[in-house]
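Worksheet: one structure, shown below.
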Amino acid sequence: MRLGVNIDHIAVLKAARKIGDPDVLQAVFVAAQNDADQITIHLREDRRHIDDYDAKRIVANSPIAVNMECAFETIDAVLKLRPFRATLVPEKREEVTTEGGLDVEGGFARVKRTIERLKEAEIAVSLFIEPNKAAVDLAQRGGADAIELHTGRFSNIWAALYGNLARTPYAANDLVALSVEDLQKELVAEISKIKKAALFARELGLQVAAGHGLNYHNAREIASIKEIEELNIGQSIVARSVWTGFAAAVREMSELVKNAR
Ligand code: PXP
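Using my numbering, you'd call the opening residue of the sequence shown number 2 and step up by one each time.
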């Protein structure tokens, strides 16, 4: 199991004051020294956290692979930066975080053309997709090297079942009305979807990653799926680092996901 540490939320802190503190490049080195295998950053169209200046420094100096999440709108910048891998994600300006996977079917021609452009620049390509066979199949037919399965719904169901989320203003609305029994069924069904999509992707020769909403409570469940080779985790690690320090937070997550099987 490989751990990709998403450091966007360190860049959020930096963007809060625009004085270069904390230095996101330092986060790259601390993550690498604490058993992270990859750095993940999301170059958003509005540059609300990672900006071009930091993206350039990270790609040029990171001792571990850089996986850059991007929407179609930021492809030209990614082609210039040439990270190890680009993960195509859908992006809406008004969203707080990436909601849902890429619509590979609706935008197939565009996805395929974008994959070709990235691969011509020797950038490996992953697609952030919902865990279903149709999306996996299209990812492979479009020429992707890898997929990342969106675990957002899994994480929301988990939080509704085992946390207090359903009783807060942050509840995922479609889950609020469900009974505990129904939530349990939903969780089993979602894990099964993730497992089936991962297995199918491996059968098609794709590398398989997963991520979104994973934390110190729920990540073990996804990390124990043997077809999944990589997890990209950000918010929970940076949140924990407020209390424990970033080095300890990365190390703890790394140990957790690597010992899950
Ligand atoms: N993977 C992808 C493709 C994402 O868009 C994100 C969020 O930026 C993550 C992983 C990390 O999600 P989280 O911050 O919830 O751990």
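Where is the CB? At the ideal position from N, CA and C, for every residue including glycine.
Given the structure is predicted, the values throughout are model-derived calculations rather than measurements.
In chain order, which alpha helix (DSSP H) runs of at least 4 residues are fully inside the segment 35 to 122? With a minimum length of 4 residues, the continuous alpha helix (DSSP H) runs that stay inside the segment 35 to 122 are 53 to 62, 76 to 82, 109 to 121.
In terms of alpha-carbon separation, which member of A136, N174, W159 lies closest to A198? Mapped onto the sequence shown, residue 198 falls at position 197. With distances taken between Cα atoms, A198 lies closest to A136.
Whose C-beta lies closer than 7 Å to the C-beta of L14 among residues of the same chain, with five residues either side of it excluded? Numbered from its first residue, the sequence shown carries residue 14 at position 13. These residues qualify, in order along the chain: P23.
Expressed to the nearest angstrom, what Euclidean distance is found between the alpha-carbon atoms of M254 and I148? Here residue 254 refers to the residue found at position 253 of the sequence shown. Here residue 148 refers to the residue found at position 147 of the sequence shown. M254 and I148 have their C-alpha atoms some 22 Å from each other.
Just to confirm, are E92 and A110 a CB contact at a threshold of 7 Å? The residue labelled residue 92 in the question sits at position 91 within the sequence shown. The residue labelled residue 110 in the question sits at position 109 within the sequence shown. No. Outside cutoff.
Report whether the distance from the Cβ of N233 to the nearest heavy atom of ligand 1 is below 6 Å. In the sequence shown, counting from the first residue as 1, residue 233 sits at position 232. Result yes, Cβ under 6 Å from ligand 1.
Please go through the same chain and pick out, in chain order, the residues whose beta-carbon is closer than 6 Å to the beta-carbon of W159, but skip the five residues on each side of it. The sequence position of residue 159 within the sequence shown is 158, counting from 1. Result list for W159: N219, in chain order.
From the DSSP output, in three-state form, read off E230 for me. Here the question's residue 230 lines up with position 229 in the sequence shown. The answer is coil: DSSP assigns E230 none of H, G, I, E or B.
Which stretch, first to last residue, makes up the alpha helix (DSSP H) that contains S242? By one-based count along the sequence shown, residue 242 stands at place 241. Element bounds for S242: 236 to 245.
What did DSSP end up calling R275 once you bin it into helix, strand or coil? Nothing can be reported for residue 275, as the shown portion of the chain is limited to 2 through 262.
Closest by C-alpha distance to A16, when choosing among R49, A161, G101, H151: Start at 1 with the first residue of the sequence shown, and residue 16 comes out as number 15. For A16, the closest of R49, A161, G101, H151 by C-alpha to C-alpha distance is R49.
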